[in-house]
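Residues in the sequence shown are numbered consecutively from 1, following full-length UniProt numbering. Here a beta-carbon is modelled for each residue, glycine too, at the ideal position from N, C-alpha and C.
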Amino acid sequence: ERPYTCGQCGKAFRWSSSLAEHLRTHTGKRPYACSQCGKAFGQRALLAQHLRTHTGERPYACDQCGKRFGWSSSLAQHLRTHTGERPYACGQCGKAFSQSTSLAQH
């Protein structure tokens, strides 16, 4: 059950605190600031993720080769080097790429 609904976009949430955090995407309010560089974020989790750029923490490890990453998205991208997955295909020629940036450059 998701009783808390955003009045601006209709997205529903299970907790009122999640709705409050979501509303910042519409208002642009960023109450969580990095003590190292001052960059501000609308979500506490995004600040925590950003702090890794200063600490060098790399909590995500590849189970194939052990290489570590600071972001789960970087690990997911890296895993494609092992699987050969190429989820980004050109709509004109059909050539597939493992990274969206490679498709954009193509």
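Can you look up R2 in the DSSP assignment and give me helix, strand or coil? coil
Give the DSSP bridge partners of R68, in chain order. A61
How many whole angstroms separate the CB atoms of K95 and H78, which I take to be in contact at a CB cut-off of 8 Å? Not confirmed; about 21 Å, so no contact.
R24 to L46, Cα distance in whole Å? 13 Å
Which full runs of the alpha helix (DSSP H) of 4+ residues lie inside the UniProt domain "C2H2-type" (32-59), going along the chain? 44-55
Do you know how far the Cα of Q49 is from the Cα of C34? Taken atom to atom, the span from the alpha-carbon of C34 to that of Q49 is near 11 Å.
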